[in-house]
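Residues 169 to 681, numbered by my numbering, are exactly what the sequence shown covers, in order.
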Amino acid sequence: MTRGRKPTGRIIFVGAGPGDAGLLTVRASAVLAAAELIVVDPDVGEAVLALAPGSEVRPAVGEPGEVAKLLLAEARSGRTIVRLVSGDPFSCDAVVKETLAVARTVVPFDVVPGVPASIAVPTYAGIPVGSAHTAADLRANVDLAALATSPGTLTLQLPAAMVGETCVRLAKNGVAGSTSACVTVDGTGIGQRSVVSTVDDLASGADGADLSGVVVLTVGTAVDKRSKLSWWESRALYGWRVLVPRTKEQAGVMSERLQLHGAIPVEVPTIAVEPPRTPAQMERAIKGLVTGRYGWIVFTSTNAVRAVWERFADFGLDARAFAGVKIACVGEQTAAAVQAWGIRPELVPSGEQSSEGLLEDFPPYDDVLDPIDRILLPRADIATETLAAGLRERGWEIDDVTAYRTVRAAPPPAQTREAIKGGGFDAVCFTSSSTVRNLVGIAGKPHPRTVVACIGPQTAATAREFGLRVDVQPDVAAVEPLVDALAAYARAQTEPAGDLRPPPKPRARSRAR
169 MTRGRKPTGR IIFVGAGPGD AGLLTVRASA VLAAAELIVV DPDVGEAVLA
219 LAPGSEVRPA VGEPGEVAKL LLAEARSGRT IVRLVSGDPF SCDAVVKETL
269 AVARTVVPFD VVPGVPASIA VPTYAGIPVG SAHTAADLRA NVDLAALATS
319 PGTLTLQLPA AMVGETCVRL AKNGVAGSTS ACVTVDGTGI GQRSVVSTVD
369 DLASGADGAD LSGVVVLTVG TAVDKRSKLS WWESRALYGW RVLVPRTKEQ
419 AGVMSERLQL HGAIPVEVPT IAVEPPRTPA QMERAIKGLV TGRYGWIVFT
469 STNAVRAVWE RFADFGLDAR AFAGVKIACV GEQTAAAVQA WGIRPELVPS
519 GEQSSEGLLE DFPPYDDVLD PIDRILLPRA DIATETLAAG LRERGWEIDD
569 VTAYRTVRAA PPPAQTREAI KGGGFDAVCF TSSSTVRNLV GIAGKPHPRT
619 VVACIGPQTA ATAREFGLRV DVQPDVAAVE PLVDALAAYA RAQTEPAGDL
669 RPPPKPRARS RAR
(Lines of atoms letter the chains of each structure in order from A and count residues from 1; the text may use other names and numbers.)
(Lines give C-alpha, C1' and ligand atoms only; values in the text may rest on other atoms or scores of the structure.)
Protein backbone atom coordinates (compact mmCIF):
# COMPACT_ATOMS: atom_id res chain seq x y z
CA MET A 1 0.00 0.00 0.00
CA THR A 2 1.36 3.40 -0.92
CA ARG A 3 0.43 6.66 0.70
CA GLY A 4 -0.33 9.65 -1.48
CA ARG A 5 1.76 12.73 -0.92
CA LYS A 6 0.06 15.88 0.18
CA PRO A 7 -0.18 18.06 -2.93
CA THR A 8 2.07 21.09 -3.10
CA GLY A 9 0.37 24.44 -2.94
CA ARG A 10 0.93 27.39 -5.20
CA ILE A 11 2.49 30.85 -4.88
CA ILE A 12 0.82 33.74 -6.68
CA PHE A 13 2.64 37.06 -6.94
CA VAL A 14 -0.05 39.75 -7.18
CA GLY A 15 0.37 43.43 -7.98
CA ALA A 16 -1.81 45.61 -5.74
CA GLY A 17 -1.35 48.65 -7.95
CA PRO A 18 -0.56 52.17 -6.74
CA GLY A 19 -3.12 52.45 -3.92
CA ASP A 20 -6.68 52.83 -5.18
CA ALA A 21 -8.32 49.42 -4.68
CA GLY A 22 -10.49 50.16 -7.71
CA LEU A 23 -7.41 49.78 -9.92
CA LEU A 24 -6.92 46.11 -9.04
CA THR A 25 -7.34 43.81 -12.01
CA VAL A 26 -10.25 41.37 -12.12
CA ARG A 27 -7.74 38.51 -11.85
CA ALA A 28 -6.11 40.06 -8.77
CA SER A 29 -9.47 40.47 -7.04
CA ALA A 30 -10.38 36.84 -7.72
CA VAL A 31 -7.03 35.58 -6.42
CA LEU A 32 -7.33 37.63 -3.23
CA ALA A 33 -10.85 36.36 -2.59
CA ALA A 34 -9.58 32.74 -2.68
CA ALA A 35 -6.27 33.27 -0.84
CA GLU A 36 -5.48 31.20 2.26
CA LEU A 37 -2.42 33.22 3.27
CA ILE A 38 -1.37 36.68 2.10
CA VAL A 39 2.20 37.88 2.58
CA VAL A 40 1.96 41.61 2.06
CA ASP A 41 4.14 44.67 1.58
CA PRO A 42 3.75 47.26 4.37
CA ASP A 43 2.50 50.00 2.03
CA VAL A 44 -0.46 48.04 0.62
CA GLY A 45 -3.63 49.76 1.82
CA GLU A 46 -6.40 48.35 3.99
CA ALA A 47 -8.92 48.81 1.17
CA VAL A 48 -7.06 46.19 -0.88
CA LEU A 49 -6.78 43.74 2.03
CA ALA A 50 -10.50 44.17 2.67
CA LEU A 51 -11.07 42.15 -0.52
CA ALA A 52 -9.75 39.08 1.34
CA PRO A 53 -11.64 39.19 4.65
CA GLY A 54 -11.17 35.51 5.49
CA SER A 55 -7.46 35.24 4.70
CA GLU A 56 -4.54 35.06 7.08
CA VAL A 57 -2.27 38.08 6.57
CA ARG A 58 1.44 38.28 7.39
CA PRO A 59 3.93 41.08 6.64
CA ALA A 60 6.76 40.52 4.17
CA VAL A 61 9.79 40.94 6.44
CA GLY A 62 13.48 40.55 5.66
CA GLU A 63 15.63 40.12 2.58
CA PRO A 64 14.18 38.60 -0.61
CA GLY A 65 15.69 35.21 0.23
CA GLU A 66 14.02 35.16 3.64
CA VAL A 67 10.64 36.10 2.19
CA ALA A 68 11.01 33.40 -0.47
CA LYS A 69 11.76 30.77 2.22
CA LEU A 70 8.52 31.69 4.01
CA LEU A 71 6.53 31.46 0.78
CA LEU A 72 8.01 28.08 -0.13
CA ALA A 73 7.52 26.59 3.34
CA GLU A 74 3.85 27.52 3.38
CA ALA A 75 3.27 26.36 -0.21
CA ARG A 76 4.86 22.96 0.53
CA SER A 77 2.26 22.48 3.25
CA GLY A 78 -0.37 22.54 0.50
CA ARG A 79 -1.61 26.11 0.89
CA THR A 80 -2.28 28.72 -1.79
CA ILE A 81 -0.08 31.69 -0.95
CA VAL A 82 -0.52 35.21 -2.30
CA ARG A 83 2.52 37.46 -2.26
CA LEU A 84 0.78 40.86 -2.43
CA VAL A 85 3.09 43.54 -3.77
CA SER A 86 2.63 47.30 -3.93
CA GLY A 87 2.53 48.33 -7.59
CA ASP A 88 3.63 45.59 -10.02
CA PRO A 89 5.60 42.46 -9.01
CA PHE A 90 8.14 42.55 -11.84
CA SER A 91 8.72 46.29 -11.44
CA CYS A 92 10.26 45.71 -8.00
CA ASP A 93 13.81 44.33 -7.93
CA ALA A 94 13.34 42.70 -4.51
CA VAL A 95 10.23 40.84 -5.63
CA VAL A 96 11.97 39.73 -8.83
CA LYS A 97 14.64 38.13 -6.59
CA GLU A 98 11.90 36.41 -4.57
CA THR A 99 10.36 35.06 -7.77
CA LEU A 100 13.71 33.78 -9.04
CA ALA A 101 14.25 31.95 -5.74
CA VAL A 102 10.84 30.29 -6.08
CA ALA A 103 11.52 29.44 -9.75
CA ARG A 104 14.58 27.39 -8.71
CA THR A 105 12.23 24.94 -6.96
CA VAL A 106 9.40 22.72 -8.16
CA VAL A 107 6.74 24.80 -6.41
CA PRO A 108 4.44 26.27 -9.08
CA PHE A 109 3.89 30.01 -9.20
CA ASP A 110 1.86 32.61 -11.11
CA VAL A 111 2.31 36.34 -11.58
CA VAL A 112 -0.62 38.78 -11.73
CA PRO A 113 0.58 42.19 -12.98
CA GLY A 114 -0.48 45.38 -11.24
CA VAL A 115 -1.07 48.88 -12.59
CA PRO A 116 2.30 50.62 -12.16
CA ALA A 117 2.45 53.82 -10.13
CA SER A 118 4.59 55.43 -12.83
CA ILE A 119 1.51 55.46 -15.11
CA ALA A 120 -1.40 55.64 -12.67
CA VAL A 121 -0.17 58.43 -10.39
CA PRO A 122 0.57 60.97 -13.16
CA THR A 123 -2.78 60.04 -14.73
CA TYR A 124 -4.59 60.75 -11.45
CA ALA A 125 -2.66 64.02 -11.27
CA GLY A 126 -3.91 64.96 -14.76
CA ILE A 127 -0.54 64.49 -16.45
CA PRO A 128 -0.47 62.44 -19.70
CA VAL A 129 2.99 60.83 -19.82
CA GLY A 130 2.56 59.96 -23.51
CA SER A 131 4.07 57.13 -25.52
CA ALA A 132 7.68 58.24 -24.94
CA HIS A 133 8.29 58.17 -21.20
CA THR A 134 10.82 56.70 -18.82
CA ALA A 135 10.03 55.35 -15.36
CA ALA A 136 12.31 54.38 -12.50
CA ASP A 137 12.20 53.65 -8.78
CA LEU A 138 15.03 55.57 -7.11
CA ARG A 139 14.77 53.41 -4.00
CA ALA A 140 16.79 50.91 -6.03
CA ASN A 141 20.26 51.40 -7.53
CA VAL A 142 19.48 53.57 -10.57
CA ASP A 143 21.77 55.55 -12.90
CA LEU A 144 20.20 59.00 -12.55
CA ALA A 145 22.65 60.56 -15.02
CA ALA A 146 21.39 58.21 -17.73
CA LEU A 147 17.79 58.94 -16.81
CA ALA A 148 18.40 62.67 -17.23
CA THR A 149 19.16 62.15 -20.91
CA SER A 150 16.04 60.05 -21.57
CA PRO A 151 13.55 61.44 -24.10
CA GLY A 152 10.00 62.36 -23.17
CA THR A 153 8.44 62.46 -19.72
CA LEU A 154 10.35 61.19 -16.69
CA THR A 155 8.43 59.59 -13.80
CA LEU A 156 10.38 58.71 -10.66
CA GLN A 157 9.29 57.01 -7.45
CA LEU A 158 11.32 58.13 -4.46
CA PRO A 159 11.11 59.23 -0.82
CA ALA A 160 9.96 62.84 -0.48
CA ALA A 161 13.20 63.69 1.33
CA MET A 162 15.15 62.86 -1.86
CA VAL A 163 13.21 65.19 -4.19
CA GLY A 164 15.50 68.21 -3.74
CA GLU A 165 18.72 66.24 -4.17
CA THR A 166 17.30 64.38 -7.18
CA CYS A 167 16.38 67.62 -8.94
CA VAL A 168 19.87 69.01 -8.27
CA ARG A 169 21.39 65.95 -9.94
CA LEU A 170 18.94 66.11 -12.86
CA ALA A 171 19.93 69.73 -13.47
CA LYS A 172 23.63 68.86 -13.32
CA ASN A 173 23.08 66.17 -15.95
CA GLY A 174 21.36 68.34 -18.52
CA VAL A 175 17.73 68.84 -17.49
CA ALA A 176 16.87 72.54 -17.80
CA GLY A 177 16.08 74.16 -14.47
CA SER A 178 12.94 75.74 -15.93
CA THR A 179 11.50 72.32 -16.86
CA SER A 180 8.07 71.77 -15.31
CA ALA A 181 7.90 69.19 -12.54
CA CYS A 182 5.14 67.81 -10.33
CA VAL A 183 5.45 65.98 -7.02
CA THR A 184 2.46 63.80 -6.05
CA VAL A 185 2.02 62.26 -2.61
CA ASP A 186 -0.50 59.50 -1.76
CA GLY A 187 -1.03 58.96 -5.47
CA THR A 188 -4.48 57.60 -6.47
CA GLY A 189 -5.59 57.83 -2.83
CA ILE A 190 -8.28 60.01 -1.27
CA GLY A 191 -5.54 62.17 0.22
CA GLN A 192 -3.63 62.66 -3.04
CA ARG A 193 -1.89 66.02 -3.28
CA SER A 194 0.14 67.37 -6.19
CA VAL A 195 2.61 70.24 -6.13
CA VAL A 196 3.47 71.75 -9.52
CA SER A 197 6.82 73.50 -9.73
CA THR A 198 10.06 73.49 -11.73
CA VAL A 199 13.24 71.49 -11.40
CA ASP A 200 15.08 74.55 -10.03
CA ASP A 201 12.46 75.38 -7.39
CA LEU A 202 12.27 71.79 -6.20
CA ALA A 203 16.06 71.63 -6.08
CA SER A 204 16.19 74.72 -3.87
CA GLY A 205 13.45 73.44 -1.56
CA ALA A 206 11.15 76.34 -2.43
CA ASP A 207 8.30 73.92 -3.21
CA GLY A 208 7.26 70.57 -1.78
CA ALA A 209 9.32 70.82 1.40
CA ASP A 210 6.33 69.79 3.55
CA LEU A 211 5.69 66.50 1.72
CA SER A 212 6.55 63.16 3.28
CA GLY A 213 6.46 59.48 2.42
CA VAL A 214 7.01 57.93 -1.00
CA VAL A 215 6.11 60.30 -3.84
CA VAL A 216 6.05 60.30 -7.63
CA LEU A 217 8.08 63.01 -9.33
CA THR A 218 7.00 63.74 -12.91
CA VAL A 219 9.34 65.87 -15.02
CA GLY A 220 8.70 67.22 -18.51
CA THR A 221 6.44 69.38 -20.65
CA ALA A 222 3.55 66.95 -20.07
CA VAL A 223 3.18 68.54 -16.61
CA ASP A 224 1.93 71.73 -18.30
CA LYS A 225 -1.21 69.89 -19.45
CA ARG A 226 -2.30 69.33 -15.83
CA SER A 227 -4.07 72.71 -15.75
CA LYS A 228 -6.54 71.37 -18.33
CA LEU A 229 -6.58 67.65 -17.54
CA SER A 230 -6.67 67.56 -13.74
CA TRP A 231 -9.71 65.47 -12.81
CA TRP A 232 -9.06 63.61 -9.53
CA GLU A 233 -8.12 66.54 -7.31
CA SER A 234 -10.59 68.94 -8.97
CA ARG A 235 -13.75 67.06 -7.94
CA ALA A 236 -16.29 69.16 -6.08
CA LEU A 237 -15.89 67.57 -2.65
CA TYR A 238 -12.20 66.70 -2.93
CA GLY A 239 -10.64 66.60 0.51
CA TRP A 240 -13.90 67.27 2.36
CA ARG A 241 -14.40 65.20 5.51
CA VAL A 242 -18.09 64.35 5.48
CA LEU A 243 -19.89 62.89 8.49
CA VAL A 244 -22.26 60.04 7.61
CA PRO A 245 -24.59 59.42 10.57
CA ARG A 246 -26.55 56.36 9.50
CA THR A 247 -27.27 52.79 10.40
CA LYS A 248 -24.09 50.84 9.72
CA GLU A 249 -25.68 48.56 7.11
CA GLN A 250 -27.04 51.53 5.13
CA ALA A 251 -23.95 53.74 5.05
CA GLY A 252 -22.27 52.03 2.08
CA VAL A 253 -24.25 53.66 -0.74
CA MET A 254 -23.74 57.16 0.64
CA SER A 255 -20.03 56.64 1.31
CA GLU A 256 -19.47 55.34 -2.21
CA ARG A 257 -21.28 58.34 -3.69
CA LEU A 258 -19.29 60.76 -1.53
CA GLN A 259 -16.03 59.13 -2.62
CA LEU A 260 -17.12 59.51 -6.24
CA HIS A 261 -17.17 63.27 -5.66
CA GLY A 262 -13.80 63.17 -3.88
CA ALA A 263 -14.95 63.34 -0.26
CA ILE A 264 -13.60 61.38 2.69
CA PRO A 265 -16.68 59.82 4.34
CA VAL A 266 -16.55 59.09 8.05
CA GLU A 267 -19.34 56.75 9.10
CA VAL A 268 -20.74 57.20 12.60
CA PRO A 269 -23.51 54.72 13.47
CA THR A 270 -26.32 56.58 15.22
CA ILE A 271 -29.14 54.09 14.82
CA ALA A 272 -29.43 50.36 15.27
CA VAL A 273 -32.44 48.78 13.58
CA GLU A 274 -33.96 45.95 15.61
CA PRO A 275 -37.10 43.77 15.33
CA PRO A 276 -40.22 44.83 17.23
CA ARG A 277 -40.43 43.70 20.84
CA THR A 278 -43.56 41.65 20.13
CA PRO A 279 -43.57 39.95 16.70
CA ALA A 280 -47.24 38.92 16.83
CA GLN A 281 -48.47 42.15 15.20
CA MET A 282 -46.16 41.71 12.19
CA GLU A 283 -47.07 38.03 11.92
CA ARG A 284 -50.77 38.92 11.71
CA ALA A 285 -49.99 41.57 9.09
CA ILE A 286 -48.07 39.10 6.91
CA LYS A 287 -50.94 36.63 7.22
CA GLY A 288 -53.32 39.42 6.20
CA LEU A 289 -51.30 40.09 3.05
CA VAL A 290 -51.58 36.45 2.05
CA THR A 291 -55.31 36.13 2.83
CA GLY A 292 -56.37 39.29 0.99
CA ARG A 293 -57.04 41.55 3.98
CA TYR A 294 -55.31 44.57 2.39
CA GLY A 295 -55.87 46.57 -0.76
CA TRP A 296 -52.66 48.58 -0.33
CA ILE A 297 -49.35 48.38 1.51
CA VAL A 298 -47.51 51.66 2.03
CA PHE A 299 -43.74 51.66 2.57
CA THR A 300 -42.18 54.74 4.18
CA SER A 301 -38.54 53.60 4.28
CA THR A 302 -36.12 50.97 3.06
CA ASN A 303 -36.02 49.63 6.62
CA ALA A 304 -39.75 48.88 6.40
CA VAL A 305 -39.23 47.11 3.07
CA ARG A 306 -36.42 45.04 4.58
CA ALA A 307 -38.48 44.17 7.68
CA VAL A 308 -41.40 42.85 5.60
CA TRP A 309 -39.10 40.91 3.29
CA GLU A 310 -37.35 39.28 6.26
CA ARG A 311 -40.70 38.16 7.66
CA PHE A 312 -41.60 36.80 4.23
CA ALA A 313 -38.43 34.71 4.31
CA ASP A 314 -39.29 33.42 7.78
CA PHE A 315 -42.61 32.09 6.46
CA GLY A 316 -41.22 30.77 3.17
CA LEU A 317 -43.01 33.44 1.12
CA ASP A 318 -41.84 35.43 -1.88
CA ALA A 319 -43.07 38.32 -4.03
CA ARG A 320 -46.12 36.32 -5.16
CA ALA A 321 -47.68 37.06 -1.76
CA PHE A 322 -48.25 40.62 -3.02
CA ALA A 323 -50.63 39.41 -5.74
CA GLY A 324 -53.67 41.68 -5.76
CA VAL A 325 -52.10 44.19 -3.33
CA LYS A 326 -51.14 47.65 -4.57
CA ILE A 327 -47.87 49.14 -3.31
CA ALA A 328 -47.11 52.79 -2.55
CA CYS A 329 -43.67 54.13 -1.62
CA VAL A 330 -42.80 57.44 -0.02
CA GLY A 331 -39.82 58.04 -2.33
CA GLU A 332 -37.58 56.76 -5.11
CA GLN A 333 -35.09 55.11 -2.77
CA THR A 334 -37.82 53.09 -1.06
CA ALA A 335 -39.30 52.24 -4.46
CA ALA A 336 -35.91 50.93 -5.59
CA ALA A 337 -35.85 48.57 -2.60
CA VAL A 338 -39.27 47.22 -3.62
CA GLN A 339 -38.19 46.89 -7.26
CA ALA A 340 -35.33 44.68 -6.08
CA TRP A 341 -38.04 42.06 -5.46
CA GLY A 342 -39.11 42.31 -9.09
CA ILE A 343 -42.19 44.40 -8.24
CA ARG A 344 -43.00 47.85 -9.58
CA PRO A 345 -44.87 50.06 -7.07
CA GLU A 346 -48.18 51.51 -8.24
CA LEU A 347 -47.61 54.86 -6.54
CA VAL A 348 -44.58 57.06 -5.83
CA PRO A 349 -45.11 60.79 -5.13
CA SER A 350 -44.91 62.89 -8.27
CA GLY A 351 -43.88 65.94 -6.26
CA GLU A 352 -42.28 66.18 -2.84
CA GLN A 353 -41.00 62.81 -1.70
CA SER A 354 -42.39 62.74 1.83
CA SER A 355 -45.50 61.64 3.70
CA GLU A 356 -47.18 64.88 2.67
CA GLY A 357 -46.19 64.37 -0.95
CA LEU A 358 -47.57 60.83 -0.92
CA LEU A 359 -50.86 62.03 0.58
CA GLU A 360 -51.26 64.59 -2.20
CA ASP A 361 -51.23 61.79 -4.79
CA PHE A 362 -52.97 59.04 -2.82
CA PRO A 363 -56.53 58.33 -4.07
CA PRO A 364 -59.47 58.56 -1.67
CA TYR A 365 -61.31 55.35 -0.88
CA ASP A 366 -64.05 54.54 -3.41
CA ASP A 367 -66.39 51.69 -2.47
CA VAL A 368 -67.03 51.00 -6.15
CA LEU A 369 -63.42 51.00 -7.38
CA ASP A 370 -61.81 49.62 -4.22
CA PRO A 371 -63.16 46.24 -3.09
CA ILE A 372 -60.89 46.29 -0.01
CA ASP A 373 -60.74 49.40 2.18
CA ARG A 374 -57.78 48.50 4.40
CA ILE A 375 -54.14 49.63 4.11
CA LEU A 376 -51.12 48.01 5.78
CA LEU A 377 -48.64 50.62 7.04
CA PRO A 378 -45.46 48.89 8.33
CA ARG A 379 -43.07 51.42 9.87
CA ALA A 380 -40.79 52.38 12.73
CA ASP A 381 -41.87 52.49 16.34
CA ILE A 382 -41.20 56.25 16.50
CA ALA A 383 -42.89 57.24 13.23
CA THR A 384 -45.16 60.29 13.18
CA GLU A 385 -48.94 60.05 12.68
CA THR A 386 -49.05 62.36 9.65
CA LEU A 387 -49.41 59.65 7.02
CA ALA A 388 -51.83 57.41 8.93
CA ALA A 389 -54.08 60.36 9.82
CA GLY A 390 -54.08 61.63 6.24
CA LEU A 391 -55.04 58.23 4.84
CA ARG A 392 -57.90 57.92 7.33
CA GLU A 393 -59.17 61.33 6.22
CA ARG A 394 -59.33 59.87 2.70
CA GLY A 395 -61.65 57.13 3.91
CA TRP A 396 -59.19 54.27 4.36
CA GLU A 397 -58.94 51.87 7.30
CA ILE A 398 -55.34 51.65 8.52
CA ASP A 399 -53.42 48.81 10.16
CA ASP A 400 -50.51 50.78 11.60
CA VAL A 401 -47.92 48.09 12.39
CA THR A 402 -44.54 48.42 14.09
CA ALA A 403 -42.22 46.65 11.64
CA TYR A 404 -38.95 47.61 13.35
CA ARG A 405 -37.51 49.62 16.20
CA THR A 406 -34.83 52.29 15.94
CA VAL A 407 -32.45 52.21 18.88
CA ARG A 408 -29.88 54.88 19.61
CA ALA A 409 -26.35 53.63 18.98
CA ALA A 410 -23.47 53.90 21.44
CA PRO A 411 -21.54 57.21 21.43
CA PRO A 412 -18.59 57.40 19.00
CA PRO A 413 -15.01 57.69 20.32
CA ALA A 414 -14.08 60.92 22.11
CA GLN A 415 -11.90 62.02 19.18
CA THR A 416 -14.87 61.80 16.82
CA ARG A 417 -17.16 63.65 19.23
CA GLU A 418 -14.65 66.48 19.51
CA ALA A 419 -14.33 66.65 15.72
CA ILE A 420 -18.11 66.91 15.37
CA LYS A 421 -18.42 69.73 17.89
CA GLY A 422 -15.16 71.45 17.01
CA GLY A 423 -15.53 71.82 13.24
CA GLY A 424 -13.46 68.81 12.24
CA PHE A 425 -16.01 67.85 9.59
CA ASP A 426 -16.70 69.94 6.51
CA ALA A 427 -20.23 68.60 6.05
CA VAL A 428 -22.79 66.24 7.55
CA CYS A 429 -25.48 64.35 5.61
CA PHE A 430 -28.69 63.60 7.50
CA THR A 431 -31.04 61.01 5.99
CA SER A 432 -33.82 60.96 8.59
CA SER A 433 -35.09 62.82 11.62
CA SER A 434 -33.79 59.93 13.73
CA THR A 435 -30.23 60.47 12.56
CA VAL A 436 -30.48 64.13 13.56
CA ARG A 437 -31.84 63.40 17.03
CA ASN A 438 -29.50 60.53 17.71
CA LEU A 439 -26.34 62.25 16.48
CA VAL A 440 -27.02 65.26 18.67
CA GLY A 441 -27.86 62.91 21.54
CA ILE A 442 -24.71 60.78 21.37
CA ALA A 443 -22.16 63.28 20.07
CA GLY A 444 -23.52 66.83 20.28
CA LYS A 445 -24.44 69.42 17.65
CA PRO A 446 -22.20 69.83 14.61
CA HIS A 447 -20.10 73.00 14.60
CA PRO A 448 -21.69 76.07 12.90
CA ARG A 449 -18.97 75.89 10.24
CA THR A 450 -20.15 72.43 9.15
CA VAL A 451 -22.34 72.37 6.04
CA VAL A 452 -25.62 70.60 6.86
CA ALA A 453 -27.33 68.54 4.14
CA CYS A 454 -30.77 66.98 4.75
CA ILE A 455 -32.47 64.40 2.56
CA GLY A 456 -35.96 65.90 2.75
CA PRO A 457 -38.27 68.44 4.37
CA GLN A 458 -39.07 66.45 7.52
CA THR A 459 -35.40 65.81 8.21
CA ALA A 460 -34.63 69.48 7.56
CA ALA A 461 -37.39 70.56 9.96
CA THR A 462 -35.94 68.37 12.69
CA ALA A 463 -32.46 69.78 12.07
CA ARG A 464 -33.80 73.31 12.46
CA GLU A 465 -35.55 72.32 15.69
CA PHE A 466 -32.09 71.53 17.05
CA GLY A 467 -30.80 74.92 15.95
CA LEU A 468 -28.91 73.70 12.88
CA ARG A 469 -28.67 75.76 9.70
CA VAL A 470 -29.78 73.64 6.72
CA ASP A 471 -27.64 74.45 3.68
CA VAL A 472 -28.53 71.67 1.24
CA GLN A 473 -31.74 69.79 0.46
CA PRO A 474 -32.22 67.86 -2.81
CA ASP A 475 -35.35 67.99 -4.92
CA VAL A 476 -35.58 64.19 -4.73
CA ALA A 477 -35.44 62.60 -1.28
CA ALA A 478 -32.85 59.90 -1.91
CA VAL A 479 -29.22 59.30 -1.00
CA GLU A 480 -27.61 59.87 -4.39
CA PRO A 481 -29.46 63.16 -5.08
CA LEU A 482 -28.53 64.28 -1.55
CA VAL A 483 -24.82 63.75 -2.16
CA ASP A 484 -25.04 65.26 -5.65
CA ALA A 485 -26.75 68.34 -4.20
CA LEU A 486 -23.95 68.69 -1.65
CA ALA A 487 -21.41 68.48 -4.48
CA ALA A 488 -23.30 71.16 -6.43
CA TYR A 489 -23.30 73.34 -3.32
CA ALA A 490 -19.55 72.90 -2.93
CA ARG A 491 -18.98 73.72 -6.59
CA ALA A 492 -21.04 76.90 -6.23
CA GLN A 493 -18.86 77.94 -3.29
CA THR A 494 -15.63 77.41 -5.24
CA GLU A 495 -13.49 80.50 -5.33
CA PRO A 496 -11.83 81.66 -8.58
CA ALA A 497 -8.49 80.46 -7.27
CA GLY A 498 -9.83 76.92 -7.27
CA ASP A 499 -9.87 76.33 -3.53
CA LEU A 500 -12.41 73.57 -3.03
CA ARG A 501 -12.41 73.69 0.75
CA PRO A 502 -15.73 74.75 2.27
CA PRO A 503 -15.96 78.43 3.20
CA PRO A 504 -15.64 79.41 6.87
CA LYS A 505 -19.29 80.42 6.95
CA PRO A 506 -21.59 79.38 4.08
CA ARG A 507 -23.57 82.30 2.72
CA ALA A 508 -25.76 80.68 0.08
CA ARG A 509 -28.22 77.84 0.05
CA SER A 510 -28.76 75.22 -2.60
CA ARG A 511 -32.47 76.01 -2.84
CA ALA A 512 -35.02 78.40 -1.41
CA ARG A 513 -36.68 77.53 1.92
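All C-beta atoms in this analysis are idealised placements derived from N, C-alpha and C, irrespective of residue type, glycine included. Quick caveat, the model's predicted, so the values are computed rather than measured.
Burial of residue 239 is indicated by the presence of at least 16 other C-beta atoms within 10 angstroms of its C-beta. Straight across, the Cα-Cα distance linking residue 185 with residue 318 is about 25 Å. If one requires a minimum length of 3 residues, the beta strand (DSSP E) runs lying completely within the stretch 559 to 607 are 565 to 576, 595 to 598, in chain order. Just measuring C-alpha positions, the residue of 566, 357, 606, 561 sitting nearest residue 575 is 606. Assigned with DSSP and collapsed to three states, residue 282 falls in coil, not helix or strand. Residue 326 is not a Cβ neighbour of residue 312, given a cutoff of 8 Å. If the five residues before and after residue 199 are omitted, its C-beta is found closer than 7 Å to the C-beta atoms of 180, 182, 250, 280, all from its own chain and listed in chain order. A distance of 8 Å or more separates the beta carbons of residue 543 and residue 473.
Taking a cut-off of 8 Å for Cβ pairs, the stretch 575 to 586 and the stretch 450 to 457 do not touch, as fewer than three such pairs fall below it. The continuous beta strand (DSSP E) containing residue 325 extends over residues 321 to 327. In the displayed model, residue 195 falls within a helix according to three-state DSSP. One Cα belongs to residue 511, the other to residue 476, and the distance between them is close to 14 Å. Straight across, the Cα-Cα distance linking residue 643 with residue 411 is about 21 Å. Classified as exposed, residue 309 has fewer than 16 neighbouring CB atoms from the shown chains inside 10 Å of its CB. Per the DSSP secondary-structure output, residue 301 pairs in a beta bridge with 321.
Assignment of beta-bridge partners to residue 467 by DSSP yields 497. Taking a C-beta distance under 8 Å as the contact criterion, residue 257 and residue 273 do not qualify as a contact pair. Distance between residue 225 and residue 301, taken at the CA atoms: about 36 Å. Bounds of any alpha helix (DSSP H) do not take in residue 222, whose DSSP letter is neither H nor E.
Three or more pairs of CB atoms, one per stretch, sit closer than 8 Å, so the stretch 328 to 336 contacts the stretch 381 to 398. Judged by their CB atoms, residue 564 and residue 541 are nearer to each other than the 8 Å cut-off. Take residue 375, set aside five residues on each side of it, and the residues of its chain with a beta-carbon closer than 6 Å to its own are 363, 365, 369, in chain order. In terms of CA proximity to residue 434, 420 leads the group 447, 228, 495, 420. With contact defined as three or more Cβ pairs closer than 8 Å, the stretch 384 to 398 and the stretch 280 to 296 are in contact. Classified as exposed, residue 194 has fewer than 16 neighbouring CB atoms from the shown chains inside 10 Å of its CB. When rounded, the separation of the alpha-carbon atoms in residue 371 and residue 402 is 27 Å. Of the residues assessed, residue 480 falls on the buried side of the cut-off, its CB having 16 or more other CB atoms within 10 angstroms. For the set 426, 494, 648, 636, the Cα lying nearest the Cα of residue 516 is the one of 494.
Contact annotation: residue 430 and residue 462 have beta-carbon atoms that are not nearer than 8 Å. Remark: C-beta atoms of residue 360 and residue 400 approach each other more closely than 8 Å.
Selection 470, 277, 496, 397 evaluated against residue 571 yields 470 as nearest (Cα-Cα).
Assignment of residue 618 by DSSP, reduced to helix, strand and coil, places it in the coil class.
Take the alpha-carbon of residue 590 and the one of residue 610: they are about 15 Å apart.
As the crow flies, the alpha-carbon of residue 492 is around 59 Å from that of residue 277.
Residue 654 is not a Cβ neighbour of residue 623, given a cutoff of 8 Å. About 5 Å separates the CB atoms of residue 187 and residue 357; that is less than 8 Å, so the two are in contact.
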